[in-house]
Each structure stands twice: as C-alpha cells, then as structure tokens.
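Last residue of the sequence shown? That's 370 in numbering that gives the first Met the number 0, and every number before it is there in order.
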Amino acid sequence: MDDMETNTILKKIYKRTLLQYIAYTVGLLVVFVLAVYLAAFFDFQWVYDFDSNIYTFLAFFYNIVKNPLSLLLFLLICIVISFAFMIHHLYKQTSYYMDALTHASHELLDKNIDYITLPEELYDIERRFNELKSESIKNERLARENEQKKDELIVYLAHDIKTPLTSMIGYLSLLDEIKDMPDSQREKYINVALDKSYRLEDLINELFEVARYNSEKIILEKEDLDIRLMLEQIIDDFYSVLVEQEKNIHLNQDEDIILYGDADKLSRVFSNVIKNAISYSKDHTDINIDVHSMHDDVIIKVINKGKEIPKEKLNRIFENFYRLDSARTSRTGGSGLGLAIAKEIVELHHGSIFASSDKEETVFTIILPKN
0 MDDMETNTIL KKIYKRTLLQ YIAYTVGLLV VFVLAVYLAA FFDFQWVYDF DSNIYTFLAF
60 FYNIVKNPLS LLLFLLICIV ISFAFMIHHL YKQTSYYMDA LTHASHELLD KNIDYITLPE
120 ELYDIERRFN ELKSESIKNE RLARENEQKK DELIVYLAHD IKTPLTSMIG YLSLLDEIKD
180 MPDSQREKYI NVALDKSYRL EDLINELFEV ARYNSEKIIL EKEDLDIRLM LEQIIDDFYS
240 VLVEQEKNIH LNQDEDIILY GDADKLSRVF SNVIKNAISY SKDHTDINID VHSMHDDVII
300 KVINKGKEIP KEKLNRIFEN FYRLDSARTS RTGGSGLGLA IAKEIVELHH GSIFASSDKE
360 ETVFTIILPK N
C-alpha cells in the first residue's frame, strides 16, 4: 500500500472521529440547555422540593445561559474540553490501529493463519493484507512446484540422455572389440550409433530451448504471416511419415487469414502439435486442421482420432517431459518437450493453447491474437 492510500484511510478515520465528537458535543449542549429552560419554564420550585442540590446546579447554569457572554464563554470551555477528549481519543485510537497493523504484519508471515482480521475502519488495509497473503501463499506453492519440476527435470534428463548414450557406447564398443566384423554388420552398427547420436543432439537442443524459454526474455521477430501457406508447408514436411502410416491431413480454411507473429517460433508450435496428433492417432485415420477467425483472434484446431485422454492427463500434457503413453521413451517416441515448448511460444504471443478429448477424437486448440 502506497503513502497516498494510507493518508486517505487516515483522513477518513480522523474525519469520522471529528464528526462524531462534534455531534456528541453539540447534542450534549442542546440537551443541557433544553433541560435548563424546561426546568425554568415549569418553575424551579418543584426541583427545590425534590433536591436542593439539583436546584442549585440548575439555577447556576440557568443564570449562565440567560447571559449571552456567559453562555459563549461556557460553550468555548465545553468545546476546549471536548476537543481535548477528542485528541486523547484519537491518540488512543491511532495507537490501537498501529498495534493492530503491527500484529497483522506478523500474521502476514504466519503460515498457520489463513485470514487476517482488522478493525472495521481498516477494511481496505485488511483486504490488501489478505490479497498479499494469498499472493504469498500462491507464490510459495508455485516455488515448491517449480522445485519439484526441477527435480523431475533432472531425473528425466538423466534417463533420456542415458538411454541413447548407453546404446551408442554399446555399439561403438562392439565395433572396437570385433575387428573382423562383416562389413554389412559394421555398417549397420555405425548407422545405429550415428542415429542415436543425432537423437541425443536433438534432445540436448530441445532441453536448451526449454531452459531458454524459462530463463530468458525471448524477443519475438514478428511479421505478417499467411496462416494457410504456413500450415501447408508444415504438412508437406510430414508427407513421408503420413504415407508410411497411411494417414492424411486435411486443412479446412475458408478465408485468407493474416497473423502478426514470429514465423519460426509459430512454425515450431504447429509442427509440434501436428506431430503429436500423428503420433497418437489411430492407424489409417485422417487428421483435420480447422482454421477460422473470431473477432481479433485466430483459432486453429488440430483434430485427430485416437484413444481418449483422461482429464487428469489433459492438465499435464503441456509439462516438460510428460508423455501420454508411459511406454514411449525418447528412444521410441518424442522427448516429451514438444508441447511444453509450444505452450511457451503461444503464451509469448499472448495466446492460449489447450486440449480436449472424448471417445471419438482429441482436439488441440490454439488461440492467437491477429495483431
């Protein structure tokens, strides 16, 4: 809370207290003067008969209110006394509020207290304190989750790098030990070791890319992009894979749409999502890519027919190293980094990406602002 907000709250408190005391003082004086005049109107005799001390008291003040100068002096004395009481009350009230704020600041750091309570007059500060506490709890939870993800990242990293590395060492060791190995077998082992080294290089590059998106401020090189042309080029890149698996991709886009974004990074997004759709779709099925615009956004849906993804897995598929099929490893499938990278890039473009799934199909939806 800044100084301006604090001063505003204090002014409200002081103003409320001042008005209360003015109203209290004026009301007390009015009641007293009315009481004296009423007593005089009905004659002081009945008061004297009732209690001579009260009679003397009322008669004294009656003589004061009859004289304008005496009345003015009396009012000034009452105001001064009332003002002194008001200052004393303000001091006590301010001390009370400061103690409450000090206690609340300690509660702000206390993990055992869920909600901070302050006096009604400090409601705005109470609300802000609880917002800060909620934010602190949220940040602490995120820090724990990030630490856990970091530990998982190390485990996955060790496992995924070890697998191709162990395979490479095995084949190279055989090549080194068996001097008279047939040329055909030697060539096969060399090709396998080379393939594993390429796979290891790809994995390390993806790891560096994920680390870069998480730790650096990425600068987007934006330009006007033709979505249809970009998607057609990406689909062509998967031609050999589609032919091998007897699958087809259909691009459904009725209108020309221009998107302002980073061509290289968005190509990576679409490529990763389409690759995922191919990997997890049933054999001999079609993959549909629907593109349309809505207001200031472009909506791209990649739809494939495959096994239904459980809801608990839908919430995790954009995490680093998460694979839908636990049987797939970096040796038999993707690294588990593709969708995580796609999510980072989409969010850098101020867009969103999410997935839905049922028994019939799985849909990945990408929403990007046109500008």
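Virtual Cβ for every residue (Gly too), placed ideally from N, Cα, C.
Asked: Name, in chain order, the residues that DSSP records as bridge partners for L202.; Found: Answer by DSSP bridge pairing: none, since L202 is not bridged.
Asked: List the DSSP bridge partners of N251.; Found: D289
Asked: Could you tell me which of A99, I160, Q19, A262 sits nearest to S81, measuring between CA atoms?; Found: Q19
Asked: Looking only at its chain, what residues have a beta carbon closer than 6 Å to the beta carbon of T331, apart from the 5 residues adjacent to it on each side?; Found: Confidence is the limiting factor: at T331 the pLDDT is only 41, short of 50, which leaves the residue's position unreliable and the question unanswerable from this model.
Asked: Can you have a look at I273 and say buried or exposed, based on whether 16 or more other CB atoms are within 10 angstroms of its CB?; Found: buried
Asked: To the nearest whole angstrom, what separates the beta carbons of D289 and K304, a pair I think is in contact under 8 Å?; Found: So it is not a contact: roughly 14 Å between Cβ atoms.
Asked: What first and last residue would you give for the beta strand (DSSP E) that runs through N303?; Found: 296 to 303
Asked: DSSP state of I226, grouped into three classes?; Found: helix
Asked: Between E360 and the rest of its own chain, which residues show a CB-CB distance below 7 Å, the 5 nearest in sequence each way excluded?; Found: I302, N303, K304
Asked: Should G26 go down as buried or exposed, given a rule of 16 or more other Cβ atoms within 10 Å for buried?; Found: exposed
Asked: Between N190 and the rest of its own chain, which residues show a CB-CB distance below 7 Å, the 5 nearest in sequence each way excluded?; Found: none
Asked: Compute the beta-carbon to beta-carbon distance between V362 and S351, rounded to the nearest angstrom, for a pair I have assumed lies under 8 Å.; Found: About 14 Å separates the two Cβ atoms, so there is no contact after all.
Asked: Give every residue of the same chain whose Cβ lies closer than 8 Å to the Cβ of L89, excluding the five residues on either side of it in the sequence, and list them in chain order.; Found: Y13, T16
Asked: According to DSSP, which residues form a beta bridge with G350?; Found: According to DSSP, which records beta bridges pairwise, G350 is partnered with nothing at all.
Asked: Going by alpha carbons, who is nearest to I85 out of P67, L74, Y23?; Found: Looking at the sequence itself, residue 85 is Met, so the reference to Ile does not match. Ranking P67, L74, Y23 by Cα distance to M85 puts Y23 first.
Asked: Any idea which residues DSSP pairs L72 with across the strands?; Found: According to DSSP, which records beta bridges pairwise, L72 is partnered with nothing at all.
Asked: Please identify the residue among L141, D261, N129, N275 whose C-alpha is closest to the C-alpha of K221.; Found: D261
Asked: When the distance is taken between beta carbons, is K312 closer than 8 Å to T284?; Found: no
Asked: When DSSP labels each residue in this structure, what does L258 get in the three-state scheme?; Found: strand
Asked: Enumerate in chain order the residues of its own chain whose CB-to-CB distance from K132 is below 7 Å, with the five nearest sequence positions on each side excluded.; Found: L107, I115
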